[in-house]
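S.K.:
Residue numbers (this note's numbering): 143 to 532.
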């Protein structure tokens with residue numbers, strides 16, 4: 143009811159059904175919003191507000207996105223798997239969505255750019271060239287001032303700080319898949335793209351390549367279908383998405399543990415089985431002693447001399463308890479005569495004879511040498527006399 147003229151415009155009628163009133167109100171708001179949008183569009187076109195934006199608004203973004211994702215969808219790719227890729231694609235079509243973090247100016251669709259291969263943020267080509275060269279120059283100056291040797295110098299992405307070498311300074315404007323130089327802006331293609339298939343190897347490596355057309359952002363997960371066994375290898379194969387080919391059958395793993403005695407009791411799982419939680423009798427490495435120990439730590443040493451017979455059949459191993467083969471009898475290896483001048487290869491049961499040469503070993507005095515013939519015993523005392531000043 144209008145308080146001034148007493149007229150009722152229908153807002154307070156009791157006979158009106160709530161459902162009908164709500165629907166009428168919704169239809170009115172929808173029509174009103176459509177009218178406002180149409181008016182704004184015609185006003186901006188006639189008055190020329192933001193010419194750069196009006197030129198870019200003519201892109202048929204939905205049609206272009208459909209063509210980019212067509213091959214991915216045909217092979218079974220799901221929209222929820224696109225994730226960050228779809229976000230980058232949508233931002234590319236929005237005027238003003240991409241801002242160069244170096245100059246803080248909007249990146250237009252017809253401007254040369256460079257895209258980081260880690261965070262996929264893109265910058266004006268000239269800005270990133272200046273950024274990388276300045277970074278390298280300042281590092282060289284700092285090293286020269288400190289008189290330090292110039293080691294490998296790198297420059298980093300302004301956003302994610304991913305490091306690049308001096309060889310990676312961009313020289314050309316490349317499309318997102320890096321196959322075409324200076325891609326021309328086409329209203330029916332994704333800006334900065336070449337329109338061809340991306341074909342980059344997918345990560346993690348599976349042997350397949352990206353099916354999307356040249357696109358910004360990371361490549362989506364592999365949509366191909368492959369046959370794969372479960373983690374424990376008992377069930378399958380069954381068809382799985384290549385990007386999610388590892389699966390659990392939900393049953394006990396049952397794989398033999400490293401102790402080679404017990405079996406894994408965990409549910410079918412990826413990665414290695416956990417250490418064996420059991421205890422058992424385990425021999426030391428030389429097998430002379432036995433002890434109850436954790437199965438997860440089977441190797442231990444009793445710290446006694448091994449004592450196993452060597453291959454020669456005459457001598458025994460003198461090493462401390464050890465794993466593996468004892469090796470050759472050390473007496474079968476080349477041995478030196480007592481004075482150390484001559485090397486001989488003899489049977490391990492033969493003694494090395496003297497070489498008949500002068501011994502020449504340094505005596506206890508530390509000054510003179512032994513003048514006897516090569517001998518087995520200890521050298522005698524020094525017979526030389528020296529005058530000592532008091």
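From the three backbone atoms N, C-alpha and C, an ideal C-beta is built for every residue, glycine too.
Within the stretch 374-415, note down every full beta strand (DSSP E) run reaching 3 residues or more, in order along the chain.
M.R.: Correct list: 380-383.
S.K.: Could you say if the stretch 508-518 and the stretch 480-498 meet the contact criterion of at least three C-beta pairs nearer than 8 Å?
M.R.: Verdict: yes, contact present.
S.K.: Taking contact to mean at least 3 C-beta pairs separated by less than 8 Å, is the stretch 246-260 in contact with the stretch 311-322?
M.R.: Judged by Cβ distances under 8 Å, the stretch 246-260 makes contact with the stretch 311-322, as three or more pairs qualify.
S.K.: Tell me which residues share the same chain as residue 319 and place their Cβ nearer than 6 Å to its Cβ, disregarding the 5 neighbours each side in the sequence.
M.R.: Taken in chain order, the residues that qualify are 340 and 356.
S.K.: Suppose you measure from the CA of residue 510 to the CA of residue 485; what does that come to, to the nearest Å?
M.R.: Spanning the two alpha carbons is a distance of roughly 24 Å.
S.K.: Verify whether the separation of the beta carbon atoms of residue 275 and residue 299 is less than 8 Å.
M.R.: Going by C-beta atoms, residue 275 is not nearer than 8 Å to residue 299.
S.K.: How long is the line joining the alpha carbons of residue 505 and residue 479, rounded to whole angstroms?
M.R.: Cα-Cα distance, rounded: 18 Å.
S.K.: State the CB to CB distance for the pair residue 373 and residue 388, rounded to an integer number of angstroms; the pair is presumed to be in contact (CB under 8 Å).
M.R.: Residue 373 to residue 388, Cβ: 6 Å. Contact.
S.K.: Let me know the secondary structure DSSP gives residue 580 once reduced to three states.
M.R.: Residue 580 cannot be examined here, being either before or after the span of the chain that is shown, 143 to 532.
S.K.: Ordered along the chain, which non-local residues of its own chain (more than five positions away) have a Cβ less than 7 Å from that of residue 327?
M.R.: Correct list, in chain order: 251, 252 and 333.
S.K.: For residue 84, count the other beta carbons within 10 Å of its own beta carbon; 16 or more makes it buried, fewer makes it exposed. Which is it?
M.R.: Outside the displayed range of the chain (143 to 532) lies residue 84, so it cannot be described from this structure.
S.K.: Could you give the first and the last residue of the continuous alpha helix (DSSP H) run that contains residue 268?
M.R.: Its alpha helix (DSSP H) spans residues 267-287.
S.K.: Does the stretch 388-401 come close enough to the stretch 348-364 that 3 or more CB-CB pairs lie under 8 Å?
M.R.: With the cut-off at 8 Å, the stretch 348-364 and the stretch 388-401 do not touch.
S.K.: Have a look at 278, 330 and 446 and flag the residue whose alpha-carbon is nearest the alpha-carbon of residue 306.
M.R.: It is 278 whose Cα lies nearest to the Cα of residue 306.
S.K.: At which residues does the beta strand (DSSP E) containing residue 434 begin and terminate?
M.R.: Taken as a continuous stretch (DSSP letters only), the beta strand (DSSP E) holding residue 434 covers 432-436.
S.K.: Less than 7 Å between C-beta atoms, sequence neighbours within five positions excluded: which residues of the same chain meet that for residue 273?
M.R.: Answer for residue 273: 244 and 300, listed in chain order.
S.K.: So what does DSSP say about residue 489, is it helix, strand or coil?
M.R.: Residue 489: coil per DSSP, three-state reduction.
S.K.: Cα separation between residue 415 and residue 434?
M.R.: Going from the Cα of residue 415 to the Cα of residue 434 covers about 22 Å.
S.K.: Counting only the same chain and skipping the five closest in sequence on each side, list residues whose C-beta sits under 6 Å from that of residue 359.
M.R.: Same-chain partners within the cutoff: 226, 227, 230 and 262.
S.K.: Does the beta carbon of residue 405 sit closer than 8 Å to a beta carbon anywhere in chain B?
M.R.: The displayed structure is made up of one protein chain only, and chain B is not part of it.
S.K.: Considering only the beta carbon of each residue, do residue 282 and residue 270 sit closer than 8 Å?
M.R.: Not a contact, by the Cβ cut-off of 8 Å.
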